[in-house]
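One structure is given here, and the rest of the page talks about it.
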Amino acid sequence: MRIASACRLILCAFPSSAFQPRPRRLVLGFSSFVGQHNVLTPLVSMSEPPLKRQAVAGLGTDSMDTTPASEAFLPLPTKAEISEKASDLRRLRSRVNSSTGETKEKLKETIAKEEETYKLMKLGPNRASQIKGAITTALKKIKTRQASTAPSVDGPEDVENAQLEKEVEALKAEYERTFGVSYSTVRSNKRRSLKNSTEPIDPLTPPPPPEAFADYVGGVDLSEGFRFELVHQSKKSGARVGRIHTAHGIINTPAFVPVGTNAALKAVSAEIAKDAKTQLMFVNTYHMLVHPGADVVEKAGGVHKFMNRDDPIITDSGGFQVFSLASTSGEDGPELKKKSKRNENGGGTLVKVSEEGTLFRSYHNGKLIELTPESSVAAQKQLGSDIIIPLDELPPYHVSEQRLKESVFLSHRWEARSLLAHLKNPNAAAGHRQAMYAVIHGGTNQELRGLSVDYLSSLPFDGYAIGGSLGKDREEMLELLRWLLPRLPKDKPNHLLGIADIPSVQAVVPLGVDTMDACHPTRIARHGTLLSKQGDVKINSGIYLEDFGPIDPEVETIPYSRSYVHHLFKQNEPLAMSLASEHNLRWMNALMVDVRAKIMRDEI
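Residues in the sequence shown are numbered from 1 upward in steps of one, following full-length UniProt numbering.
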């Protein structure tokens, strides 16, 4: 009923005299008026009234509008753009009531124009769907007839199929005139580069050898603007204190790295993060690509200026979010790094994985985004972080050894391509030197992890990140790290991806981990858990109603009592999450200062 009602509304929008009877099918025209009315034109620049609607009858080429494609081009509006236009209209209507005189009349004129634009925008997707539906129906009929009838020469079936094929071609021609792109391109361009640019290859094809990078080693001073300095190696364990020199400052290691997913620590401003002595911050490329887009950040002068942070930033490739958001979650390990089982038959936002890269659907507006090793590096160049990560695959949890091996080889080929793209210009778009860390893969398989270390350490990467699944629990993770970390080059920094809860930090630092990231401290803060040396403070508990002492008597963080923060949470005040997040951030940074001091004294 809803579909039928919608069709009647669309039909009512066109004069009845414009339609001519045709056999089998009637298709509404749209191309004759869209050429001079760009629905994506910003509100302030709308000055010309829309053209009067004209319908195009029939399916034959003789009845089609002959407006050149260049004049009829109309980018098909997305649902998000249509919704935004509706919001603009609501804002304009609300302004009319508070306006007077000439201003009010001008607003009414603008509203009238924008209402017409809104109608056209809503009609565009309907028209595209009508054409696509008609083509699909005709092609299905042709296929059914061909499968169910015996071959004949000029029989009735052939005549019918010929007529259907003629109608399909006419519809495709109208689509091209209307939307400025061929129908065949629309059907294939979403996957074209991933589908056509890659020949089928053996999944165990080895990556490029180190010799492939010989032209860059020695030709580019890879230490300029980025270097690692070992300050002290503990005599008691594998723990070490170091300094990572970047274009935006020095990172004293070991260091905790908070995650600012959208170029912001949730509930914590950049000024507070700096005052809390946050040395390095993690920003997710995937989320920045989805919104606002790497181009916007580049125009702002890079992610440092965009978020007002003049300290080091690390960005990932975007691959982790592509794969993890296409997964169904399994159990969390004690190390708080989520394990997942990806539905490889579809679902989530991941559309395709191939040798070329990945294709995923934006959670923001449904747009398909292609992420390849080269495009990921290009995006991170635009963002302008200090440390960038190459594209890698995050295989599903509990896969077969063969599948894991194929994933490791694919990640190696992607990482090699990423490194080549990076070395062609090691600088960010903003001009400063960027470093690239390799990502060590192989799951819990020591043979594959060793293979990954051997290959990636032979290439001119600036550091090494440890990624992928590290085991079902913390003990399995530690067993793997005890074996893995001594095999990494000592003259370069390492980073543990996604694991930095307190027990894990205390366990991995003695093994030699330099930096580690996690959103855990700020996430639990927003839910009312505050860190302290006496144990977690569940601030929502009624026992803190009259507790006027500091959050942690041994660590100076925020100048507010437990009672006050308890009150804020109970009253659902936004300030509660801000203060709790600030406390946990300051507490983690203070913990790392203490850890570095103990390593210097060989106590760790």
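The C-beta atom is built at its ideal place from N, Cα and C for all residues, glycine as well.
Residue i and residue j look like a contact to me (Cβ under 8 angstroms); what is the Cβ gap, rounded to whole Å?
i           : j    : result
residue 622 : V322 : One cannot answer for residue 622 here, as it falls past the ends of the chain, which runs 1 to 604.
I551        : S532 : 6 angstroms
E167        : A214 : E167 to A214, Cβ: 59 angstroms. No contact.
W414        : L391 : 5 angstroms
K236        : I604 : 6 angstroms
Pull up the distance between the alpha-carbon of residue i and that of residue j, whole angstroms please.
i    : j    : result
C12  : A170 : With a pLDDT of only 46 at C12, under the threshold of 50, the placement of this residue in the model should not be trusted; the figure read from the coordinates follows. Rounded to the nearest angstrom, the two C-alpha atoms are 24 angstroms apart.
L530 : L470 : 27 angstroms
E374 : N284 : 17 angstroms
E554 : D275 : 19 angstroms
V268 : S581 : 7 angstroms
F548 : M477 : 40 angstroms
E81  : N262 : 21 angstroms
G242 : M577 : 33 angstroms
S376 : G318 : 7 angstroms
D514 : S411 : 23 angstroms
P489 : A239 : 14 angstroms
F228 : F569 : 43 angstroms
K140 : A162 : 14 angstroms
A212 : Y455 : 13 angstroms
G301 : A430 : 6 angstroms
A428 : Q380 : 8 angstroms
L359 : V159 : 41 angstroms
K106 : L383 : 41 angstroms
Y118 : R90  : 12 angstroms
H291 : H364 : 7 angstroms
L280 : E479 : 27 angstroms
Short check: CB of residue i to CB of residue j, under 8 angstroms?
i           : j    : result
P503        : R474 : yes
P521        : P258 : yes
H232        : M600 : yes
E393        : V453 : no
P207        : A416 : yes
G467        : I440 : yes
I389        : A465 : yes
N589        : F306 : no
L497        : V508 : no
P493        : T136 : no
residue 609 : I201 : Because the chain spans 1 through 604 in this model, residue 609 falls outside it and cannot be assessed.
Y175        : I142 : no
L585        : A273 : yes
L459        : K405 : no
D536        : A518 : no
Using a 10 Å radius around the Cβ and a threshold of 16 neighbouring Cβ atoms, would you call residue i buried or exposed?
i           : result
V296        : exposed
P312        : buried
F110        : A quick correction: the sequence has Thr, not Phe, at residue 110. Counting Cβ neighbours within 10 Å, T110 comes out buried, since at least 16 surround it.
S407        : buried
W483        : exposed
N97         : exposed
G542        : exposed
S87         : exposed
S418        : buried
V44         : Caution is warranted here: a pLDDT of 32 is assigned to V44, below 50, making its placement in the model unreliable, and no coordinate value can be reported.
H566        : buried
E298        : buried
residue 609 : Given a span of 1 to 604 for the chain in the structure shown, any question on residue 609 remains unanswerable.
T278        : buried
I524        : buried
Consider the Cβ of residue i: report whether some Cβ of chain D lies at a distance smaller than 8 angstroms.
i    : result
V353 : Structure shown: chain D not included; a single protein chain is present.
Is there contact here, the stretch 433 to 441 with the stretch 413 to 424, by at least three beta-carbon pairs under 8 angstroms?
yes
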